[in-house]
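Contents: one structure, followed by commentary.
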Amino acid sequence: MSASPLEALQRRFTRSVTFMADPELVASVTGGGRLTAAEAVDVYRGGYPARLTGALGETYETCWRVLGDDGFFAAARGFIARFPSRSHDLSDYGAAFPEFLESLPVAKDAPYLGDLARFAWTFKELFHAKPHAGLEPALLAAQARPEAVLRLGGAVRLLCLRHRVYSLFRRDEKDETPVQEAEWKGEQRLILYKKEGNPIFVRELTAPEHAALTALAAGLPLADALAAAEGLDEAGARELFAFVSAAGLVTHIE
Amino acid sequence: MREDYPIALHGVSLSIGGVEGPRPGYLQKLKSLAARVDPFLITDHLCFTGTHASNTHDLLPLPYTEDAIATVSRNVAIAQDVLGRQIALENVSSYLSYRESAMTEWEFLIAVARRSGCRILLDVNNAYVSAINHRFSPETYVDAVPRDLVAQLHLGGYTDAGKFLFDTHSRAPTGPVWELYRRVIRRMPDKPVLIEWDEEVPEWSGLEAQAVRAAEIQREERERQPA
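Next up, the structure:
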């Protein structure tokens, strides 16, 4: 079925803003003020990359600091040209930016960039996530039997990164000292969570802790989740459970 | 805040003029937000923002045609049905006009409201910006808008970009906009008014001064009304 005239116009206008000015659109409009038709279309074209670059800059501020203005704006231009925004919410834009950064030549010198962006995206997601009410520690302790499935709340994220980027994310924005390899070399496993009315908390996890929490998040019963965590001894399991309890990560038990 | 102040939810992403209709899920999210906030009014803009596959995040103008009125009316019906309440649509500033437009901007705005059953958020600054850009009388525009269709008034500041006026919300309303506002207020002195200032936001006192001025004009014009 062919598009209605209004649908065709809206597609042309959208393409003109996000890609290249469509001559048919330009021919169908009159510029406001003393603008030519092409200049008037350009008014709308100019705002688009600015808005999307602003959204990327807000989420990936730490990557911006690493890349500098020129590097970040070039990366944003390339990303915006390839990835349209589909959501109604501008803050949803840029989910694929970490992988995009890893595909750029600059990633050869800064291989941690993708993980830094991944952390920033996760942090942003959690910032906008609805806080959950965790179970009271006493209730959790009473009900957490080996066969129980502990459901984690919506305001919890687990990350397993190939580079240690959390300290880079936390770097003071005025700190302009070059990033040293020793800062990012090595894997890093993290849990990010927030409690009602509280800021976002980040805790570094050991590999067994991460494995156990990932298994819990996947819906495995408590005993199976702990068994999946190779190298987690009884003392470690107790310490992890105490953390899970105090952090209010569990919202209900099945 | 809601305990102390009435709140209007003002959106930019409804894309009420989009031929594909509102984005899936958007209205449900808005409904859920409205249930939390209990606003006295829900508003968005009389425009489209792109396609479902590609959102420009901009307020793109519609052609003033019967087809566009029918599209907006269909989408308003969907929105009001999901939200379970009437909405109001705001006239946008524009920097181009379509050769195919078959009526004036205010005729389009009024026809949309009458046909769809929504109300109008009359942005006095936008009416002025579009009037100067497209060379029509701002007074004729605002005089034509029926009082009973208007749910709220907006005021804001534009930037003179040399070749055109650009709606930037980055400064105080200008003299001509205040004059136009007074003209509107003379006919509808009891409408709620909002100052929009979301770029280069000044100190609180600078913003408050605009709100005080808007309220003062309302009070003066109310007092001039015959008893």
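Respectively, the protein sequence lines represent chains R and X. For what it's worth, the working numbering labels the leading residue of the first sequence as 437, then goes sequentially. For what it's worth, the working numbering labels the leading residue of the second sequence as 1107, then goes sequentially. In this text, a Cβ means the ideal position worked out from N, Cα and C, and glycines have one as well.
Identification of chain X residues near glutamine 446 of chain R by a Cβ-Cβ cut-off of 7 Å yields Gly1124, Val1125, Phe1154 and Thr1157, ordered along the chain.
Taken in chain order, the members of the segment 1125 to 1139 of chain X whose beta-carbon sits within less than 9 Å of a beta-carbon on chain R are Val1125, Glu1126, Pro1128, Arg1129, Gly1131, Tyr1132 and Lys1135.
Those residues of the segment 1261 to 1275 of chain X placed with their C-beta closer than 9 Å to a C-beta in chain R are Ala1267, Gly1268, Lys1269, Phe1270, Leu1271 and Phe1272, ordered along the chain. When R:Leu595, R:Arg522, R:Val502 and R:Leu445 are compared, the shortest CA-CA separation from histidine 1163 of chain X is found for R:Arg522. The beta carbon of lysine 1137 of chain X lies closer than 8 Å to those of Val1188, Leu1189 and Gly1190 in the same chain, with the five residues before and after it left out.
Secondary structure of tyrosine 1170 of chain X (DSSP, three-state): coil. Sequence-distant Cβ neighbours of arginine 447 of chain R in its own chain, meaning closer than 8 Å and more than five residues away, are Ala439. At least 8 Å separates the beta-carbon of alanine 648 of chain R from that of proline 582 of chain R. In summary, the residues of the segment 1200 to 1230 of chain X whose CB is separated from some CB of chain R by less than 8 Å are Ser1200, Tyr1201, Leu1202, Ser1203, Tyr1204, Arg1205 and Glu1206, in the order they occur in the chain. Here glutamate 1327 of chain X has Ile1291, Arg1292 and Pro1295 as same chain residues with Cβ atoms under 6 Å from its own Cβ, once five neighbours each way along the sequence are excluded. Interface flag for threonine 1149 of chain X against chain R is unset, since no Cβ pair is found closer than 8 Å.
Going by DSSP, glutamate 1326 of chain X is part of the alpha helix (DSSP H) stretching over 1310 to 1330.
When DSSP states are grouped into helix, strand and coil, valine 592 of chain R belongs to the strand group. When the beta-carbon positions are compared, leucine 1165 of chain X and valine 1218 of chain X stay at least 8 Å from each other.
Under the 10 Å beta carbon count, phenylalanine 1146 of chain X is surrounded by fewer than 16 other beta carbons and is classified as exposed.
Between glycine 468 of chain R and tyrosine 1201 of chain X, the C-beta gap is smaller than 8 Å, which places the two residues in contact. Beyond the five residues adjoining it in sequence on each side, asparagine 634 of chain R comes within less than 8 Å, by CB distance, of Pro567 in the same chain, given in chain order.
Shown here for arginine 598 of chain R: same chain residues with a beta carbon closer than 7 Å to its own, the five before and five after excluded, namely Asp551 and Glu623 in chain order.
Against chain X, a Cβ distance below 7 Å from histidine 524 of chain R picks out Ser1119, Arg1129, Tyr1132 and Asn1161. Listed along chain R is no residue with a C-beta nearer than 7 Å to that of asparagine 1197 of chain X; the closest approach is about 14 Å. In the DSSP annotation of this structure, the continuous segment of the beta strand (DSSP E) that includes arginine 1225 of chain X starts and ends at 1225 to 1229. Contact check for tryptophan 1303 of chain X against histidine 1260 of chain X fails: the beta carbons are separated by 8 Å or more. Counting only the Cα atoms, isoleucine 689 of chain R lies some 11 Å from alanine 578 of chain R. In the DSSP assignment, the residues bridged to glutamine 1258 of chain X are X:Leu1227.
The secondary-structure analysis by DSSP pairs histidine 568 of chain R across a beta bridge with R:Lys631.
The Cβ-Cβ distance between valine 1178 of chain X and glycine 1223 of chain X does not fall below 8 Å. Remark: C-beta atoms of alanine 1208 of chain X and tyrosine 1247 of chain X do not approach each other more closely than 8 Å.
Shown here for leucine 537 of chain R: same chain residues with a beta carbon closer than 7 Å to its own, the five before and five after excluded, namely Cys499, Ala511, Ala543, Leu549, Gly550 and Ala553 in chain order.
Secondary structure note for valine 502 of chain R: its alpha helix (DSSP H) is the uninterrupted segment 497 to 518. Ranking R:Phe605, R:Ser603 and R:Leu588 by CA distance to the CA of proline 657 of chain R puts R:Leu588 first.
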